[in-house]
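This report refers to the structure that appears directly beneath it.
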Amino acid sequence: MKRLYYIRHGLSEMNVASVFAGRTDTPLTTEGQQEALQEGRANIGIAIDLIIASPLSRAHDTAKLFAEGAQLPTELIELNELLLERDFGILEGSPWSPANSQGLDTNQPLPKGVEPWDVLRSRAQQLIDHIQRLPVDNILLVGHGSIGRAIRNIIDPKADIHAHIPNSKLIRWI
């Protein structure tokens, strides 16, 4: 039986600025780097066969730092574009607030260029299908908030799609 773990990337510069980051490649802050390393250290001895990370640097760097802290070889890391953060279109770089993010996780009309929820969820399903075909059992995904919520919704359709996924915290989903 497969075990699936998830980590949302460490605190990034755009998280600190409270703006939509989406596909923008924003780096981790020093605090975000330390969070990822410490979370790895807190999980020394965890059985991980493969780490699949988003190619965006905030997630890829989180994967490398977690692996270092957990004393796992970084050769376990593979990048996969299915884990990219949601494309926020014209919202990229604009201030984030509960008010301007309302309705993004539905199929209501969206601002120009925003990846629809059903497309995001379909991408998450493709990733789950890929994982199920892998010849390994213990998999860590390192990604972002929106794609993480979509993956969680596939694993547990009753899960609140709006529930926040904290930065740099290891979560076991399966």
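The opening residue of the sequence shown carries number 182 in our numbering; numbering runs sequentially from there. We treat Cβ as the ideally placed atom computed from N, Cα and C, and that holds for glycine. Small disclaimer: the values here were computed from a predicted structure and weren't measured.
- Per DSSP, Leu321 is one residue of the beta strand (DSSP E) stretching across Asn319 to Gly324.
- Contact annotation: Gly326 and Asp268 have beta-carbon atoms that are not nearer than 9 Å.
- Collapsing the DSSP output to three states places Ile258 in a strand.
- Between the segment 224–233 and the segment 245–255 there are three or more C-beta pairs closer than 8 Å, enough to call the two in contact.
- Just so you know, the alpha carbons of Glu273 and Phe201 end up roughly 5 Å apart.
- With fewer than 16 other beta carbons inside 10 angstroms of its own, Thr211 counts as exposed.
- By the C-beta density criterion, Thr207 is buried, having at least 16 other C-beta atoms within 10 angstroms.
- In the three-state scheme derived from DSSP, where H, G and I count as helix and E and B as strand, Leu263 is classed as helix.
- For Asn348, the pairing in a beta bridge is given by DSSP as Arg189.
- Three or more Cβ pairs drawn from the segment 234–245 and the segment 258–268 lie within less than 8 Å of each other, which places the two stretches in contact.
- Here DSSP, grouped into helix, strand and coil, assigns Ala248 to helix.
- Taking the Cα positions, Gln289 is about 19 Å away from Ala305.
- Taking the C-beta atoms as reference points, Val323 is found no nearer than 9 Å to Thr205.
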